[in-house]
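Below: one structure, written as C-alpha cells.
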Amino acid sequence: MDSKSIVAPGAEVEKLGDGYKFTEGPVADKNGNVFFTDQPNNKIIRWDAKTGEFSTFSDKAGRSNGMYFDKKGNLVTCADEDNQVWSFDKKGKTTVLVKNYGNKLLNGPNDLWIDAKGGMYLTDPLYKRDYWKRDPAMQQDGEHVYYLLPDKKTLIRVDDTFKKPNGIIGTKDGKKLYVADIGADKTYVFDIEADGTLKNKKLFVSKGSDGMILDEEGNLYLTGDGVTVFDKNGEKIAHFPIHKGWTANLCFGGKDNDLLFITAEKAVYGLKMKVKGVK
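Using our numbering, you'd call the opening residue of the sequence shown number 49 and step up by one each time.
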C-alpha cells in the first residue's frame with residue numbers, strides 16, 4: 049500500500065545484509081552512512097553509503113539499542129548492558145552520559161532523540177535481559193520518558209503516564225515529540241515546551257511501534273508488522289511488508305538521504321523512497 053506515492057517508482061524492498069542475531073537502532077551520519085546494532089552480539093555495525101559494504105564500528109557496544117548522532121558527530125546510544133546512555137566519539141571511545149535517575153538504575157534506556165539544543169529525550173521500558181548482572185526487578189517506579197538537559201548533567205522525568213514507552217522521535221523545529229506506547233499499542237504526540245518539558249499529550253494513532261522515524265513531509269513511520277506510514281494528520285498512507293518476523297527499527301540514509309534503511313531480526317533491508325529523511 050502506497051496511496052501517496054512516497055516510494056520511488058519501481059522500487060522494492062531489498063535485503064542489504066544478513067547473518068546477524070537481532071538488528072536494531074539504525075541511524076545515519078551526515079554522509080548517509082548507517083550505523084546499527086547487533087544487540088545480542090554486542091556490536092555496532094557501519095554500512096557504507098557509497099560501497100554498500102559493512103564493517104564493525106564497535107565490538108564492545110554496551111548492548112546498545114536505540115542510537116542518534118549529536119551535532120558534534122558523536123554516536124549516542126542506549127547502552128542496555130548497564131542501563132546507561134553512552135556517547136561514542138568517531139574513534140569509538142565511550143563516555144557515559146546517563147548512569148541512573150534518583151540514584152536508582154533505569155529500567156533499560158531503549159530509544160532516544162536529540163533536539164537542536166543538544167537535549168536528549170529517552171524512553172525507559174523494562175525488558176529483562178539474560179546478560180544483566182543487576183537485580184532484574186524494576187528499580188524505578190514505572191516505565192517513563194526522560195529528558196537530559198543540554199548541560200548533559202541534569203536528567204528529568206517528563207512523562208509518567210505510559211504503560212511501556214518505546215519508539216521516540218521529534219520534529220525538526222523542536223515543537224512536537226512522538227512517543228510510542230508499545231504496551232498499550234498506541235502512539236502519542238506532545239507539544240514541547242521551551243524548557244524541554246512536555247504538555248498536551250494527544251493520541252496520534254491507535255497503533256504502537258518499536259522504533260520510528262519522520263520524513264521531510266512530516267509523515268511518521270512505525271515498525272512492528274513491517275513498516276506502516278501515517279501522514280501528519282494520522283491518516284494511514286502506506287504499509288511495506290518486510291519479512292515474516294518482527295521489524296524493529298528504521299532510518300533514512302544513503303548518499304541522497306532517500307534510502308529507508310530497515311532493521312528486521314537477522315537482516316537489514318533498504319527501500320528507495322521519493323521522499324527524503326529530515327536533515
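C-beta atoms are modelled at their ideal positions from N, C-alpha and C, and glycine is treated no differently.
These figures come from a predicted structure and were not determined experimentally.
Looking at I230 and N214, is the spacing between their C-beta atoms short of 7 Å?
-> Within the sequence shown, numbered from 1, the residue matching residue 214 stands at position 166. Within the sequence shown, numbered from 1, the residue matching residue 230 stands at position 182. Taking 7 Å as the Cβ cut-off, N214 and I230 qualify as a contacting pair.
message = Using a Cβ-Cβ cutoff of less than 6 Å, which residues in the same chain neighbour F84 once the five nearest sequence positions on both sides are dropped?
response = Residue numbering aside, residue 84 sits at position 36 when the sequence shown is read from its first letter. T71, G73, P74, I93 and T311, listed in sequence order.
### Task
Could you check the C-alpha separation between M260 and Y195 for me, to the nearest Å?
Here residue 260 is taken as the residue at index 212 of the sequence shown, counted from 1. Here residue 195 is taken as the residue at index 147 of the sequence shown, counted from 1. If I take the Cα positions, the gap works out to 18 Å.
Thinking just about the alpha-carbon of each residue, which of T99, V55, I54 and G274 is nearest to the one in L298? Within the sequence shown, numbered from 1, the residue matching residue 298 stands at position 250. Considering only alpha carbons, the answer is G274.
Taking the alpha carbon of D306 as the reference point, which residue from D263, D243, N155 and T104 has its own alpha carbon closest? Working through the sequence shown from its first residue, we reach residue 306 at position 258. Nearest option by C-alpha distance: D263.
Quiz item: Among all the DSSP beta bridges, which residues are the ones paired with T295?
Solution: Within the sequence shown, the letter at position 247 stands for residue 295. Answer is G272.
**Item:** Three-state secondary structure assigned by DSSP to N89
**Value:** Residue mapping note: residue 89 aligns to position 41 of the sequence shown, counting from 1. Looking at N89 - three-state DSSP - the assignment turns out to be helix.
Would you check if the distance between the CB atom of E265 and the CB atom of V323 is smaller than 7 Å?
Taking the first residue of the sequence shown as position 1, residue 265 is located at position 217. Taking the first residue of the sequence shown as position 1, residue 323 is located at position 275. Judged by beta-carbon spacing, V323 lies within the 7 Å limit of E265, meaning their Cβ atoms are closer than that value.
Query raised in the report: Mapping DSSP to helix, strand and coil, what is E264?
Result: Position 216 of the sequence shown, counting from 1, holds the residue named residue 264. The answer is coil: DSSP assigns E264 none of H, G, I, E or B.
When the Cα of R177 is compared with those of I217, G121 and P88, which residue comes out closest? To locate residue 177, count along the sequence shown from 1; it is residue 129. Of I217, G121 and P88, the residue nearest in Cα terms is P88.
What whole-angstrom Cβ distance do L251 and F238 have, given they're in contact under 8 Å? In the sequence shown, counting from the first residue as 1, residue 251 sits at position 203. In the sequence shown, counting from the first residue as 1, residue 238 sits at position 190. The Cβ separation is near 11 Å, so there is no contact.
Just grab the DSSP bridge partners of Y149 for me.
The count along the sequence shown starts at 1 and reaches residue 149 at position 101. According to DSSP, which records beta bridges pairwise, Y149 is partnered with K152.
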